[in-house]
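Working notes for the structure below.
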Amino acid sequence: MQLFAGCCYCRMLLALGQERRAKTIRRIKRPEEQLQPGSLVTLRVRSIAGLQLLCSAPVHVRGHVHATQLVDIGDMANHGAMPLQRLRSARILEARVLRTKQRDSETGKGDKICHVELTCRPSLMDPKDASEYEKALVRWPLLLPGTRLVAAVVSVQKSCIWMEVAPGIRGRVALLDLSPDLSVLRAVAEHFKVGQVFQAHVLRAVSSRKELDLSLLDFEAQKTCVGKLRKVHEGEAAAVFELPGRRWGSVHITELFDVWAKRPTQRLHVGSLHEVAILNDKEKLEVSLRQSQVHGHKEVQEEKRPKSAEELKVGQKVSGYVVSAVPQGVFVALSRSLTARIKLKALSDMPVMKEAVAKMHPPGSLLRDIIVVQISEGRVELSLRTGDGPGGLTCEQLSVGDVVSGKVKAVEPYGLFVRLDNSNVDAFIHKSEIADSASITVNSYAVGAKIHQAKVLKVDGSRVGLTIKPSNFSGEELEEDADSDEMPEMQELLAELQKTRKKGKKRKAEAGTAAKEAKTKEREQEGDAEVSEEEPWQPVQKSAGASFEFAEFKVDSASSSDAADEEDDEQTLQLSKRQKKAKRKEEDKELQKQEAENADGRWADDPQSVEDFERLLLTQGDTSIVWIRYMAFHLKMSDLEKARQVAERAVKHVGFADSKERFNVWVAYMNLECTFGSDETSDAIFRRAASHNEAKQVYMQLARIHERNKKPSLAVKAYEACTRKFPQSKKVWMSFLGFLYQTGDAEGARKVLPKSLAALPRQKHPVVVSKAAILEYQHGSPDRGRSIFEGLLDSYPKRTDLWSVYFDDAHIKAHTPPKVPDPDCKQIRPLFLRCCAMPLKATKMRFFFKRWLDFEMKWGDAQSQEQVRAKARDFVESL
Numbered sequence: 001m002q003l004f005a006g007c008c009y010c011r012m013l014l015a016l017g018q019e020r021r022a023k024t025i026r027r028i029k030r031p032e033e034q035l036q037p038g039s040l041v042t043l044r045v046r047s048i049a050g051l052q053l054l055c056s057a058p059v060h061v062r063g064h065v066h067a068t069q070l071v072d073i074g075d076m077a078n079h080g081a082m083p084l085q086r087l088r089s090a091r092i093l094e095a096r097v098l099r100t101k102q103r104d105s106e107t108g109k110g111d112k113i114c115h116v117e118l119t120c121r122p123s124l125m126d127p128k129d130a131s132e133y134e135k136a137l138v139r140w141p142l143l144l145p146g147t148r149l150v151a152a153v154v155s156v157q158k159s160c161i162w163m164e165v166a167p168g169i170r171g172r173v174a175l176l177d178l179s180p181d182l183s184v185l186r187a188v189a190e191h192f193k194v195g196q197v198f199q200a201h202v203l204r205a206v207s208s209r210k211e212l213d214l215s216l217l218d219f220e221a222q223k224t225c226v227g228k229l230r231k232v233h234e235g236e237a238a239a240v241f242e243l244p245g246r247r248w249g250s251v252h253i254t255e256l257f258d259v260w261a262k263r264p265t266q267r268l269h270v271g272s273l274h275e276v277a278i279l280n281d282k283e284k285l286e287v288s289l290r291q292s293q294v295h296g297h298k299e300v301q302e303e304k305r306p307k308s309a310e311e312l313k314v315g316q317k318v319s320g321y322v323v324s325a326v327p328q329g330v331f332v333a334l335s336r337s338l339t340a341r342i343k344l345k346a347l348s349d350m351p352v353m354k355e356a357v358a359k360m361h362p363p364g365s366l367l368r369d370i371i372v373v374q375i376s377e378g379r380v381e382l383s384l385r386t387g388d389g390p391g392g393l394t395c396e397q398l399s400v401g402d403v404v405s406g407k408v409k410a411v412e413p414y415g416l417f418v419r420l421d422n423s424n425v426d427a428f429i430h431k432s433e434i435a436d437s438a439s440i441t442v443n444s445y446a447v448g449a450k451i452h453q454a455k456v457l458k459v460d461g462s463r464v465g466l467t468i469k470p471s472n473f474s475g476e477e478l479e480e481d482a483d484s485d486e487m488p489e490m491q492e493l494l495a496e497l498q499k500t501r502k503k504g505k506k507r508k509a510e511a512g513t514a515a516k517e518a519k520t521k522e523r524e525q526e527g528d529a530e531v532s533e534e535e536p537w538q539p540v541q542k543s544a545g546a547s548f549e550f551a552e553f554k555v556d557s558a559s560s561s562d563a564a565d566e567e568d569d570e571q572t573l574q575l576s577k578r579q580k581k582a583k584r585k586e587e588d589k590e591l592q593k594q595e596a597e598n599a600d601g602r603w604a605d606d607p608q609s610v611e612d613f614e615r616l617l618l619t620q621g622d623t624s625i626v627w628i629r630y631m632a633f634h635l636k637m638s639d640l641e642k643a644r645q646v647a648e649r650a651v652k653h654v655g656f657a658d659s660k661e662r663f664n665v666w667v668a669y670m671n672l673e674c675t676f677g678s679d680e681t682s683d684a685i686f687r688r689a690a691s692h693n694e695a696k697q698v699y700m701q702l703a704r705i706h707e708r709n710k711k712p713s714l715a716v717k718a719y720e721a722c723t724r725k726f727p728q729s730k731k732v733w734m735s736f737l738g739f740l741y742q743t744g745d746a747e748g749a750r751k752v753l754p755k756s757l758a759a760l761p762r763q764k765h766p767v768v769v770s771k772a773a774i775l776e777y778q779h780g781s782p783d784r785g786r787s788i789f790e791g792l793l794d795s796y797p798k799r800t801d802l803w804s805v806y807f808d809d810a811h812i813k814a815h816t817p818p819k820v821p822d823p824d825c826k827q828i829r830p831l832f833l834r835c836c837a838m839p840l841k842a843t844k845m846r847f848f849f850k851r852w853l854d855f856e857m858k859w860g861d862a863q864s865q866e867q868v869r870a871k872a873r874d875f876v877e878s879l
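Written as structure tokens, this is what we have:
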């Protein structure tokens with residue numbers, strides 16, 4: 001802040017110059033006449049106390065000038081003047097009277113003392129009407145919002161400063177109202193000093209509570225300011241900021257950063273200060289954090305936000321953030337004023353289930369390279385399908401006999417639906433056009449399987465029929481469009497190629513003719529060249545091992561039989577020129593495919609190497625599934641040590657912000673050690689996981705891992721340890737009971753049940769007992785299960801939830817198919833009769849009658865259904 005450097009103190013300086021000539025101060029004999037508002041007086045300066053200059057005149061006259069009365073509002077273009085510092089060496093002061101108060105002397109004897117409030121503002125030193133001096137006085141009733149005045153700093157704190165606008169009237173200036181400069185707010189004590197005066201205006205004044213809020217900023221001319229982040233949301237209004245002037249502003253998710261960042265809200269921290277640009281002057285302010293808006297930087301093309309649909313073109317690729325995901329599709333914000341829609345069918349080239357939409361595209365996630373497919377009446381339709389882009393294949397471009405490729409979109413009993421590559425065309429392959437032999441059927445293909453070669457049989461409008469039967473293709477088509485699925489077999493045979501060539505050379509040498517020797521030599525040279533080119537593609541030998549499972553992610557390690565290896569060693573193969581040509585074309589095609597995948601970023605969807613995973617971790621290092629797939633990748637290569645190294649990196653790298661992701665990698669690490677490690681290593685990892693996550697979940701995961709690995713004794717120990725550590729958790733006890741019943745240890749489960757009831761609070765008993773009864777029905781003795789339910793319902797006869805479990809999950813299932821061949825209604829109807837005879841409220845009786853009628857409609861006949869309706873009518877009439 002620059003100090004005020006104006007020449008506002010001419011009269012004071014004149015008074016200082018006259019000090020040498022004036023040795024005495026004139027006596028004020030008649031205060032009532034001489035000290036009227038506007039009167040010019042000369043006093044002797046005595047001291048400076050706080051923000052006031054104290055002076056006096058004979059006899060019994062005391063005067064004081066507040067720092068705010070030394071400068072004019074209009075002269076404060078540069079804030080930060082310290083006028084009291086200029087008067088420290090003054091002896092004589094000439095000022096105008098604002099008001100006078102008479103008080104008794106401190107001793108209580110003698111004449112009264114006149115206390116005079118003075119002003120030295122240059123604009124008031126010339127004679128004025130008395131009303132002008134009245135206006136210069138600051139009082140609480142005059143402090144209305146928007147009032148401009150002079151305020152002096154009285155104290156400086158880290159989050160605010162306190163200022164006086166008049167003697168005894170103090171106001172607070174919040175941190176955000178101090179300056180529009182972020183560097184100033186981060187070092188308040190360095191830029192504000194006690195005694196400085198500033199031009200301020202009133203934000204709020206409550207005279208009854210003596211509360212006053214001030215601001216040093218000019219809101220009318222302000223386009224940028226500093227805001228404090230208060231809330232963060234995963235949605236369209238991504239953040240809420242507190243702004244200067246007791247205002248609030250929201251930030252649209254597209255206005256957080258210039259670049260299209262993944263999960264932008266995760267980069268924000270509540271309580272931090274940011275420079276923001278004010279985008280409107282409405283009651284609800286909208287602000288932007290984008291540097292191009294705050295500092296006026298020029299936007300590059302990819303950073304521009306379309307304000308309306310008119311700025312877009314069909315076929316254009318755009319980016320945006322998901323603001324809403326519903327079963328019908330996804331809504332994507334392209335800017336703060338434009339939101340587009342992606343329909344369910346346009347979310348992917350493959351079928352997407354309605355219930356999976358929200359999980360695939362949660363609010364706040366970034367979508368890149370979305371294609372604009374339709375613009376109508378200001379509405380924009382987008383697509384994530386590759387075939388919707390410019391240059392995509394259409395039905396009009398297809399003709400009978402064309403050879404195409406694609407992926408299986410759906411598998412039906414009558415055939416396959418295939419989405420053609422680089423298009424949004426869905427074609428159909430009838431089951432009779434799949435193969436020449438009956439060994440290959442529609443069940444041989446899964447959704448997502450690649451169809452490398454298919455011939456168009458029929459084009460009827462938007463309906464396209466294909467065939468993949470080898471008999472429908474000519475030899476040239478088979479040679480040019482060889483299926484890449486044959487590559488693994490060719491790779492397995494390459495190892496034998498060099499050996500075969502050497503045997504052929506020996507046989508040809510024994511033939512004895514020069515012509516055959518020359519021909520053999522030429523063929524050997526050609527064969528050696530082929531082998532040298534193909535050797536880098538020889539497959540890596542993998543050792544057999546057990547399968548490795550991470551919850552829902554499972555990878556089976558490679559296995560092979562000794563008999564098959566011996567049979568392969570005995571085989572020999574000599575490729576013809578035609579096969580070599582086809583092989584070279586296939587390799588070139590595969591290489592081009594890999595280069596295209598790297599260019600398109602497909603390695604991020606299906607990483608196949610260490611380099612792919614490392615690149616993926618640079619952008620998705622906080623995602624657990626990437627680390628888990630990386631671990632599984634090393635296990636497929638039978639490299640346990642590298643899998644452990646990846647696991648260690650994962651548990652250290654995944655942050656504490658997302659507890660679920662962190663827990664997933666710890667579970668994967670435990671799974672790794674429990675499956676492939678020793679007891680010592682698995683126990684060490686388990687203890688580390690329990691200290692870094694919710695201990696109960698870790699204990700239960702350990703038990704489930706042992707359960708999946710078919711280690712029941714270790715699973716029992718894990719469950720027992722869990723029940724000892726968390727004896728009041730019904731979830732732990734119910735999981736333990738379920739494990740024991742499912743493994744056939746019904747007696748052990750029956751011993752555990754009393755222990756659980758002794759440890760659990762009474763309100764949790766019904767749920768645990770009902771769970772044990774259901775398990776008895778399913779894995780133990782149905783009679784014992786019925787006894788448990790009967791005892792439970794004797795204690796809680798009005799609990800309809802327990803009755804519902806008894807009906808649906810236990811008793812009815814035990815006496816109806818598929819548990820028994822024919823439904824045993826005689827075992828079930830007495831239970832319904834008993835329920836409907838109880839003296840309960842109408843709402844609960846309606847529940848029982850409805851359950852009974854549902855049962856009779858499924859397993860009974862018309863007569864039994866009518867009996868239920870008759871009993872229900874009798875009950876209603878009895879009310």
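Residue numbers (the UniProt record's numbering): 1 to 879. Think of the CB as a built atom: it goes at the ideal place given N, C-alpha and C, for glycine as much as any other residue.
Sheet register partners of residue i (DSSP bridge)
i: T100; result: V116
i: K455; result: V403 and T467
i: T254; result: Per DSSP, none; premise fails for T254.
i: I48; result: L53
For residue i, three-class secondary structure by DSSP
i: A690; result: helix
i: D874; result: helix
i: Q34; result: helix
i: H295; result: coil
i: V767; result: helix
i: E720; result: helix
i: M163; result: strand
i: W260; result: coil
i: L382; result: strand
i: F192; result: coil
i: G785; result: helix
i: D181; result: coil
i: F855; result: helix
Closest residue to residue i among the options (Cα-Cα distance)
i: G249; options: A239, T386, V138 and F257; result: A239
i: V408; options: D369, L466, I371 and V357; result: L466
i: R263; options: V322, K304 and Q222; result: V322
i: F676; options: N693, Y796 and M631; result: M631
i: H815; options: Q827, G168 and V259; result: Q827
i: V294; options: I278, I774 and V300; result: I278
i: H430; options: L142, N424, V411 and S423; result: V411
i: K223; options: G296, A205, L256 and I169; result: G296
i: L178; options: A837, F686 and K158; result: K158
i: T843; options: D822, S365, T800 and D861; result: T800
i: W162; options: S56, C55 and V153; result: V153
i: K710; options: K731, F739, I685 and M734; result: F739
i: P712; options: Q742, R688 and R247; result: Q742
Own chain residues within Cβ distance below 7 Å of residue i, not counting five before or after
i: L182; result: V226, L273 and E275
i: S543; result: Any reading at S543 must be qualified, since the residue scores a pLDDT of 34, below 50, and its modelled position is unreliable; no value is offered.
i: S729; result: K696
8 Å CB neighbourhood of residue i in its chain, flanking five on each side removed
i: R341; result: G329, V330, F331, V332, R379, V380, E381 and L382
i: L84; result: I48, L51, L53, A67, L70 and G195
i: L35; result: I28, V41, V61, V97, T100, C114 and V116
i: H811; result: Y777, R786, F789, Q827, I828 and L831
Anticipated Cβ contact below 8 Å, residue i with residue j, distance rounded
i: S399; j: V464; result: With 8 Å as the limit, S399 and V464 do not qualify as a contact, their Cβ atoms being about 10 Å apart.
i: L203; j: G245; result: 6 Å
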